[in-house]
Amino acid sequence: MAEAVSAQGDARELARVSSPPRALRPALAVGSYAALGLILAWSRLGGLGAGFCCDETIAVARYVRGGPDEIFGGAYLPNNHQLFSVLAWATSSLAGESEVALRLWSALPFLAGVVLVTVWLHARLGALPGLLFLFLATASPLLLDLSRQARGYGLAFLAMCVLTVGALEATRSGRAGALVAFCAGGLLGLLTLPHFAVAFVAVGAVLATRSALRVRVVVGQSLALALAALWWSPHLDDLLAGARQEYGARIEGAWLASAPLDQILIPALTMIDESFVRPSAASLVAALVFAALMVASPLVRDPRPALVLVGGPAASVLAFWAAGAPVMPRFFSFLLVPLFVLVATGIAALLARPPSRSAVPGWAVALAALLAVALASGPRLVEIPRLPREALREAASAIRAQSPPRGPVLAHLPYPHDLEFHLARPVTWVVTREDAAAACSGSGPAVVVMEAWRLDAKSFSCLRRPGTRHFAFEQYARGGRVDVWFLPPQA
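Numbering (our numbering), first residue to last: 1 to 491.
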């Protein structure tokens, strides 16, 4: 009886907030959905034919081209988002290797996830929360960057969308379909990213607090975890060793309380990928502002929906901190789903308040946050679909066209294997001034390729050689350009 009363209370709570006091007019809602939807689709699907970049080159060269033998039998690297690797290999085997085709396995699942959560919010809480979630998912520079890459982040985002909607529906109705969605989302995420398990287990623990759901949650979750363990079984030892990799920054104990926001939410609204998070007073202020917006959400008034939304991010941060594992914001990008739901519903609740003196501060904070997000994301929404992330495919094409096929190529790049991927031959990595001096000591023709990194052009004395030709290729990451110099033989 007590369980039935609790379930009825969950349902009444969601129903009570489903009709905000100041609902958007239908025409305005439809127009806003259309505008944001067009921006979302264009920003994710435009320019997908740019050359592979960064971790994409590792995923394609090692796993897509290597096939199942390498995906399941080779040494594991965190670059192996295993479900994506299998889908990309199958696509390449059937249709040939294509930047567009492989990236669609990230972009389309991401779009599907955004649509799912937007529709659910619209149906349960009204148009304004749906529009605000759509705005945040569209505007996030980190998601804009990741969801276009030939990696598994789009699949993981879709998985968390399905899991979150299924879990919230389960707290509302307890229906079997909601639990199936929760477990299906969890399995999809587990097959893509192994650390998705932390959020899956945390949210499942919240659902299991309802006795009417407990057995079904435990059975469904156990089945999903067992299938995932079988899927990852060839790499279990490597997965444990992967926690000791050094790429990223460790979560500091002094910042643990704010980490779910300043390690996940704030970077996603201000940065693209490959940005290291260094908590500061400014990030703490931003975290407090967004925490205040989340607290205004009607979904935090009932413990279960609140814990469903905060459990995954909090547990994931705690697990990485306890393991001492370095992190990057992209590792947690799928956890933006519940956080964006909280921010969107919190801002909507503040903006829906009737005009009064007490409502003005909430309006001001909500509108200021939205304006800050729009200003941070606007330039990225324009340049990312238009430019390659890294223009090394264009640089390699120029090198093949204008230099001897076996001439030396001197690369001052943070990751020279990206250039080797497109050039299909080794390059000489130049890191220090001593390397630059040694590289310039030769008298024959050579090519120098540079990104903004440790050295500048003045460090290469040979760039002043008479007859040197210089080309620059625009990109949106890693300094905004790639410079290529073609050096003639020294007279």
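We put the beta carbon where it would ideally sit given N, CA and C, even for glycine. Values in this document were obtained by computation on a predicted structure and should not be read as measured data.
Residue i burial status per 10 Å Cβ neighbour count (16 or more: buried)
i    : result
T171 : buried
D456 : exposed
D237 : exposed
D418 : buried
G253 : exposed
P303 : exposed
D262 : buried
A139 : buried
V285 : exposed
P489 : exposed
S459 : buried
T57  : buried
V449 : buried
A424 : exposed
A95  : exposed
T432 : exposed
Q82  : buried
D55  : buried
G126 : buried
R216 : buried
W255 : buried
S316 : buried
V360 : exposed
Residue nearest to residue i in terms of C-alpha spacing, selected from the options
i    : options                : result
F320 : I264, P354, P298       : I264
L370 : L293, S397, W105       : L293
R465 : A452, A491, P426, N79  : A491
V180 : A208, F157, L24, G220  : G220
P78  : E246, M450, I384       : E246
D145 : V360, F84, V382, P129  : V382
A50  : R393, F460, R214       : R393
A502 : L134, P68, V100, R210  : Coverage of the chain is limited to positions 1 through 491, which leaves residue 502 absent and any answer about it impossible.
L40  : V343, P26, E97, S147   : S147
E390 : C462, Q149, G311, D69  : Q149
G31  : G248, L131, L143       : L131
G324 : T209, L309, I251, L335 : I251
W105 : R124, D69, G152        : G152
Y415 : A477, V115, G346, W232 : A477
V206 : V218, T345, L128       : V218
G362 : V60, A296, P405, A315  : A296
E99  : G74, I399, H422        : H422
V198 : G74, P426, L318        : L318
V343 : A364, R380, N80, F290  : F290
S173 : L142, A202, F200, R210 : R210
Where residue i falls: helix, strand or coil (DSSP)
i    : result
E474 : strand
L387 : coil
L419 : helix
F52  : coil
F495 : The question about residue 495 has no answer, for the chain in this structure spans 1 to 491.
H122 : helix
R294 : Checking the displayed sequence, the identity of residue 294 turns out to be Met instead of Arg. M294: helix per DSSP, three-state reduction.
P21  : Here the model assigns P21 a pLDDT of 41, short of 50, so the residue's position is not dependable, and the following value carries that caveat. If DSSP states are grouped into helix, strand and coil, P21 belongs with coil.
R465 : coil
A446 : strand
T542 : This structure gives no information on residue 542, because the portion of the chain shown stretches from 1 to 491.
W485 : strand
R454 : coil
L256 : coil
A371 : Correcting the residue identity first, residue 371 is Leu in this sequence and not Ala. Three-state DSSP puts L371 in a helix.
A2   : Note on A2: pLDDT 47, under 50, position unreliable in the model; the coordinate value appears next. If DSSP states are grouped into helix, strand and coil, A2 belongs with the helices.
L410 : strand
A514 : What is shown of the chain runs 1 to 491, which leaves residue 514 out entirely.
A359 : helix
A491 : coil
G480 : helix
Beta carbon proximity, residue i to chain C, threshold 8 angstroms
i    : result
P326 : The displayed structure is made up of one protein chain only, and chain C is not part of it.
Checklist entry - Is there contact between the stretch 466-476 and the stretch 432-443, where contact requires at least three CB pairs shorter than 8 angstroms? => result no
Checklist entry - Between the stretch 262-279 and the stretch 325-334, do three or more beta carbon pairs fall short of 8 angstroms? => result The stretch 262-279, when compared against the stretch 325-334, does touch it at the 8 angstroms Cβ threshold.
Item to check | Sufficient close CB pairs (3 or more, under 8 angstroms) joining the stretch 185-205 to the stretch 147-163 | outcome: yes
Next on the checklist: With three or more beta-carbon pairs closer than 8 angstroms as the criterion, would you say the stretch 42-49 touches the stretch 371-390?
Outcome noted: yes
Checklist entry - Are the stretch 161-168 and the stretch 116-123 in contact at 8 angstroms, needing three or more beta carbon pairs? => result Yes, the stretch 161-168 is in contact with the stretch 116-123.
Checklist entry - Could you give the uninterrupted runs of the alpha helix (DSSP H) lying entirely in the stretch 92-175, keeping only those of 4 residues or more? => result 99-125, 127-139, 141-146, 153-173
Checklist entry - Can you give, in chain order, each stretch of the alpha helix (DSSP H) that sits fully within the stretch 52-86 and has at least 4 residues? => result Entirely contained in the stretch 52-86, the alpha helix (DSSP H) runs reaching 4 residues are, in chain order, 55-58, 67-73.
Checklist entry - Can at least three beta-carbon pairs, one atom from the stretch 79-91 and one from the stretch 52-69, be found at a separation below 8 angstroms? => result Short answer: they touch.
Checklist entry - Is it a yes or a no for the stretch 439-450 touching the stretch 347-357, going by three-plus beta-carbon pairs under 8 angstroms? => result no
Item to check | beta strand (DSSP E) segments (min. 3 residues) lying fully within the stretch 174-245 | outcome: Whole beta strand (DSSP E) segments, 3+ residues: zero.
Item to check | Secondary structure, alpha helix (DSSP H): runs of 4+ residues fully inside the stretch 288-357 | outcome: 303-323, 336-351
Checklist entry - Does the pairing of the stretch 302-318 with the stretch 332-340 give three or more beta-carbon distances under 8 angstroms? => result yes
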